[in-house]
Amino acid sequence: MPLADARRLTEKTAYFPGITNTGWHEEVLVDPGIDEAAYVATGATTVVVTHGHADHFSTAAAIRRAGARVVAPREEATLIENPEVNIRGMFSWAKPSDEMVTKLFRGEGCPVDGYLDEWRRPGLQAVPLAGHTLGHTGVMTDDGVFFTGDALYVTALWERHPLPYCIDPTLVRVSLDLIGRLGPDWIVPGHGDPVEGAAVATQIAHHRDRIDAISAALLDILRVPHTTEEAIAALCEHLQIAQNPAQYWLAVTTVKGFLSELLQQGCAEFFIDAHRGCWQAL
Ligand SMILES: [Zn+2]
C-alpha cells in the first residue's frame, strides 16, 4: 500500500493533492485524478466517484482494470459511464463543438459497479450533497475527514472562478448546511487545500455568502427585463468572468440555475416577448 505521494490527515485517512484531490481511506480511493500509477500502486479495492464530471474520475477506468470496484451516485452513473451524456446535457442534448466544452467534462468513461445509496462500508458514509450536480455525493470517514467533492468551493477557488459551476443554488445551500451539521474535523474539497477545524465553518459561510451575493446581483440586474442571453451576459460582466466558449457554456448552466431559484422563490418572473425568453424581478 505505497502512499508515498499522499498526505496523511489522520491515522487511517490521507489524500493525494492534485488539480482534483483524491481521497484515501483503508483501500478506498475517492475521485481519482490524473496520477494513475500512484493510485494503482495503492492496491485500492474500491473507487468512489462523487459525481459525473470527468476530472473526478480521470483514472477510474484504469484503476478498475487493475481490479477495483467503482461505486458512484445512481443519478451520476450514466455520466460516468459515458461522459458524452454530460457534454450533450450542457448543450440541451444537441452536440456542441469541441471548443464549447470544458476539458473538465472530457475523459474516459468508466463502468459503474454499484450505487452509493446501496453501498455499505465500515468506517465510511456516503452523504448526498446535491447542487453542483443532481446526484453529487460526498464521503465522510469515521475519523472525521469529509471528502466533499465539488459541494464546497474554498476561498482560493472563488478568487479564480467567481461563478463556479452549480445547477441548483438552493440545493447547494442545503448541502452546505449538512456539511456543517456533520461537523468534520477536516474537509478535503475536490479542488484546493484541505480545511481543518474552525476554518470549516468559515469556508462554509464564505460559500453561502458568495452564492447569496450572486443571487442578489442577478436580482438587481432583473430590475430591468432581460432576455436569458442578456441576463447571462450582465451577470458574467458583473463578475468579470473570463470570455471564451467553454466558460460561456458553463456560465449558461449556472446562471440558469440562479434564474430558476429566483423563479421558485417568487422573486422573478419568466415571460416570452417576441419569441425571446425574458426575466424580470417582481
Ligand atoms: Zn464537478
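Residue 2 is where the sequence shown starts when you use the numbering used here, and the numbers rise one by one after that.
Cβ atoms here follow ideal geometry from the backbone N, Cα and C, with glycine treated the same way.
Since the model is a prediction, treat every value here as computed from it, not as a measurement.
In the structure shown, His26 adopts extended strand secondary structure according to DSSP, grouped into three states.
A distance criterion of 7 Å places the beta-carbon of His52 in contact range of ligand 1, judged by its closest non-hydrogen atom. The beta carbon of His162 sits no closer than 7 Å to any heavy atom of ligand 1. For ligand 1, a non-hydrogen atom lies closer than 7 Å to the CB of His133. Within its own chain, the residues whose Cβ lies closer than 7 Å to the Cβ of Gln281, once the five positions on either side in sequence are excluded, are Leu223, Pro226, Ala269, Glu270, listed in chain order. Per DSSP, the beta-bridge partners of Asp274 are Arg277. In this chain, the beta strand (DSSP E) harbouring Thr47 covers 47-49.
CA-CA distance, Ile168 to His137, rounds to 11 Å.
Closest option to Trp25, judged by alpha-carbon separation, among Thr149, Thr134, Gly108: Thr149. Ranked by Cα distance from Pro185, the first of Val31, Glu12, Tyr116, Glu197 is Glu197.
Rounded to the nearest whole angstrom, the C-alpha separation of Tyr40 and Thr60 is 8 Å.
Leu283: not part of any beta strand (DSSP E); DSSP gives it neither H nor E.
Looking at Thr228, Ala234, Thr254, Cys237, the one whose alpha-carbon comes closest to that of Ala275 is Thr228. For Tyr166, the CB falls within less than 7 Å of some heavy atom of ligand 1. In chain order, Pro163, Leu164, Gln248, Ala252 place their CB closer than 7 Å to the CB of Ile242, counting only its own chain and leaving out the 5 sequence neighbours on each side.
Minimum Cα-Cα distance from Asn22 among the listed residues Ala42, Val50, Ala45, Glu12 corresponds to Val50.
By the neighbour-count criterion, in which 16 or more other beta carbons inside 10 Å mark a residue as buried, Phe147 falls on the buried side. Apart from sequence neighbours up to five positions away, the residues of its chain that approach Gly68 with a beta-carbon distance below 8 Å are Thr46, ordered along the chain.
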